[in-house]
Amino acid sequence: MAGGMGQGDAMNRRDVVDRLLGDASELLVVTGLGNAANDVAALTDQGANVFAMDGVMGAAVSVGLGLALAQPDRRVLVVTGDGELLMNVGALATVAVQRPANLGVLCLDNGSYELTGGQATHTAHGADLAAMALAAGFPAATTVRQPAELAAAGALLRGDGLAFVRVLVAPGNTPYDRLDRNGESIRLRFRRALAGDERLG
0 MAGGMGQGDA MNRRDVVDRL LGDASELLVV TGLGNAANDV AALTDQGANV
50 FAMDGVMGAA VSVGLGLALA QPDRRVLVVT GDGELLMNVG ALATVAVQRP
100 ANLGVLCLDN GSYELTGGQA THTAHGADLA AMALAAGFPA ATTVRQPAEL
150 AAAGALLRGD GLAFVRVLVA PGNTPYDRLD RNGESIRLRF RRALAGDERL
200 G
């Protein structure tokens, strides 16, 4: 299927996040719900610079846009999944119109809604989220199918300019038992990180 994902192409999602984020301490990271939040929290020990949108489906890109506009001197990275992004795919058009040069969007595409039983998403049937981002007006958008392509994708996400990267990852959940799901705790910790003042609460 054009734009669809093949099982033979898929990589381990936790390895992908590790290779693309590396030391994420200089980034402001917004995650989609579920496995995206688990992946980033596991890599960063859910540091203060990570805003995990666990429980809010479809909002990650919009929140990332607002953060990028409010913090133009910081690099903002949204890490989300295909199911979460498809819930509000129109947000890509809003981002492209605003065109923040400090925003990267990473979509971990496994073609399924893993947390609710592994039902197929539209990407499993040919929907191409990178092509949608380009059509919306993103200046750079790409699909990564092989590990050898990850280095260039990481440079795109962390460099200057608005960018979208879709990585084909294997189906399956990636639990992280220590994920903080308390919205108030996450908000306060992230606010302190933005202000650079540990005394704020």
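So for the sequence shown, numbering that gives the first Met the number 0 puts the first residue at 0; every next one is plus one.
Built from N, CA and C at the ideal position, the CB exists for glycine as well.
Return the Cβ separation of residue 151 and residue 140 in integer angstroms, given the expectation that the two are a contact with Cβ distance under 8 Å. If you number the sequence shown from 1, residue 151 lands on position 152. If you number the sequence shown from 1, residue 140 lands on position 141. Actually they do not touch by this definition, with Cβ atoms about 13 Å apart.
Please report the residue range of the beta strand (DSSP E) in which residue 180 lies. Translated into the one-based positions of the sequence shown, residue 180 becomes position 181. Residue 180: not part of any beta strand (DSSP E); DSSP gives it neither H nor E.
For residue 118, does the three-state DSSP call read helix, strand or coil? Locating residue 118 in the sequence shown gives position 119, where the first residue counts as 1. Of the three classes helix, strand and coil, the one that applies to residue 118 here is strand, per DSSP.
With a threshold of 16 other CB atoms inside 10 Å of the CB of residue 134, please say whether the residue is buried or exposed. For the purposes of this step, residue 134 is taken as the residue at position 135 of the sequence shown. Label assigned to residue 134: exposed.
Among the candidates 33, 56 and 28, whose CA atom is the shortest distance from the CA of residue 43? For the purposes of this step, residue 43 is taken as the residue at position 44 of the sequence shown. The option with the nearest alpha carbon to residue 43 is 28.
Measuring CB to CB, does residue 62 end up less than 9 Å from residue 50? Taking the first residue of the sequence shown as 1, we reach residue 62 at position 63. Taking the first residue of the sequence shown as 1, we reach residue 50 at position 51. Contact flag set, yes.
Inter-residue spacing [alpha-carbon to alpha-carbon] between residue 69 and residue 116: Your numbering for residue 69 matches position 70 in the sequence shown. Your numbering for residue 116 matches position 117 in the sequence shown. Taking the straight line from one Cα to the other gives about 37 Å.
Touching or not, the region 182–191 and the region 104–123, by the rule of three or more beta carbon pairs under 8 Å? Not touching, per the Cβ criterion.
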